[in-house]
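Some notes on the structure that comes next.
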Amino acid sequence: MEITINKVILCAVTDDCAKIQGIPAFIVKSEAARQERAMLLSRILQGAVHDMGNGVLIVVKH
Amino acid sequence: MPHGKSIGLGLILGVLARVSLLRSDYRQYPTYPHGYTSHLFLGIIAALVGAVSIPALLTKEWTAVTFLVIVAQQFREIRSMERDSLKALEDTQLVTRGSDYIENIARVFETRYYIVIFVAASAAYGVEYGTVFTGFLLGVITYAASILVARTEPLHRSVKVEVAPVNFKGASLYVGDIFIMNVGLEESRSYIAKHGLGAILTPKTETARDTLANLGQRQAILHDVAGILGVKKDLDTPEYTPVARRHIQTGRVGIYLVPEELDSELLTRIINRTPVLESSRGRTLRRQVPR
Chain A
1426 MEITINKVIL CAVTDDCAKI QGIPAFIVKS EAARQERAML LSRILQGAVH DMGNGVLIVV
1486 KH
Chain B
1427 MPHGKSIGLG LILGVLARVS LLRSDYRQYP TYPHGYTSHL FLGIIAALVG AVSIPALLTK
1487 EWTAVTFLVI VAQQFREIRS MERDSLKALE DTQLVTRGSD YIENIARVFE TRYYIVIFVA
1547 ASAAYGVEYG TVFTGFLLGV ITYAASILVA RTEPLHRSVK VEVAPVNFKG ASLYVGDIFI
1607 MNVGLEESRS YIAKHGLGAI LTPKTETARD TLANLGQRQA ILHDVAGILG VKKDLDTPEY
1667 TPVARRHIQT GRVGIYLVPE ELDSELLTRI INRTPVLESS RGRTLRRQVP R
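Listed in order, the protein sequences are those of chains A and B.
Terminal number for the first sequence in this note's numbering: 1487, no gaps in between.
Terminal number for the second sequence in this note's numbering: 1717, no gaps in between.
In structure tokens, the structure reads:
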């Protein structure tokens, strides 16, 4: 049986490290590069990307 | 053979009843040839049990009757057999059936064997007390009555289904005015806007509102829709997962999916034909509450 962790923020992609606390964060300044990085993380971690606004994207396992 | 005619006709009508109930329904059963074979075989046993029970009763063969009752008990196993096999498939499905739908299918399968036993017994009874024609007539009437009682209700009787546009407000995905989810990736947003399909289900009654609120019922709808239209989804693209979300204020439900086949007319037809699951049928205003 496969065991996975659900309903958990796996990581964040942001333009400013001060906006994120307590979870792994990738700091990417440009919007396009942030989208690209979030897409890669989403595919790797099989999680969904959510836009929190304010330049913060989070990858969540549902 | 003194009871040859009644047993023979009961057996034939019983098996015919099982064959006619074995139609490969797109929702209920995938066309597995081995599934057909095992259910046909069990159908023959059920028909035999029903056909033999009446002559055994008439000739006061109590030992035989007792054994037949024990054999009939075995058909309860059909439900767990179907449940186990469908549950085993759940892990590897992109859009699962959900436990409510599986339970419903399993119950339908079990009931079909009782119908077979009932039809075979009625036919045998008719032959014993009349002619072969009487038995035939009684068997057919029993079959028709059983089908009428055990039929499933399609969703369109209590729910209005309309196609609704899939649209975005910022990163929020909506079907019509119902919020579905937040989609963070720009690439996924533009893909969903182009290839997504949406429908809004409006309950016609209070009980239908409760039916739609049930998670099992919504998963059943999604499974049927995804099974026929297909889904553009893989494990690493969870944002393309079909979703059914409820509008709390009105009880309406928004359905969203990214199908392989972009056919909105077919989408409404599939949702209309989805069965109302017994376990999720709304009960509001029907329950007797002591005041």
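Ideal placement from N, C-alpha and C gives every residue a C-beta, glycine not left out.
Remember, predicted model here, so these are calculated numbers, not experimental data.
- Per DSSP, V1453 of chain A lies in no alpha helix (DSSP H) and is assigned neither H nor E.
- As computed with DSSP, S1598 of chain B is found in a beta bridge with B:K1595, B:N1608.
- For H1673 of chain B, no beta strand (DSSP E) encloses it, and the DSSP letter there is neither H nor E.
- In chain order, S1548, A1549, Y1551, G1552 place their CB closer than 7 Å to the CB of L1564 of chain B, counting only its own chain and leaving out the 5 sequence neighbours on each side.
- Contact between T1637 of chain B and V1702 of chain B is confirmed by a C-beta separation of about 6 Å, below the 8 Å threshold.
- Around the CB of T1439 of chain A, 16 or more other CB atoms lie within 10 Å, so the residue is classed as buried.
- Nearest to T1663 of chain B by alpha-carbon distance, out of A:L1482, A:N1431, A:M1464, A:N1479, is A:M1464.
- Residue-level contact check: D1650 of chain B does not touch chain A, since none of the beta carbons of chain A fall below 7 Å from its beta carbon.
- Pairing G1472 of chain A with V1481 of chain A gives a Cβ-Cβ distance that is not under 7 Å.
- In chain order, V1553, V1558 place their CB closer than 7 Å to the CB of K1431 of chain B, counting only its own chain and leaving out the 5 sequence neighbours on each side.
- Between S1572 of chain B and F1544 of chain B the beta-carbon gap is near 6 Å, inside 8 Å, which marks them as a contact.
- Residue-level contact check: D1476 of chain A touches chain B, since one or more beta carbons of chain B fall below 7 Å from its beta carbon.
- Burial is judged here by how many other beta carbons sit within 10 angstroms of a residue's own beta carbon; K1454 of chain A has fewer than 16 and is exposed.
- Here the alpha carbon of G1642 of chain B sits roughly 19 Å from the alpha carbon of L1693 of chain B.
- V1651 of chain B places its beta carbon less than 7 Å from that of I1696 of chain B.
- Under the Cβ criterion of 7 Å, R1462 of chain A is not counted among the residues facing chain B.
- Between the region 1512-1530 of chain B and the region 1434-1451 of chain B, the count of Cβ pairs shorter than 8 Å is below three; the stretches do not touch.
- Contact of N1608 of chain B with chain A is assigned, a C-beta pair being separated by under 7 Å.
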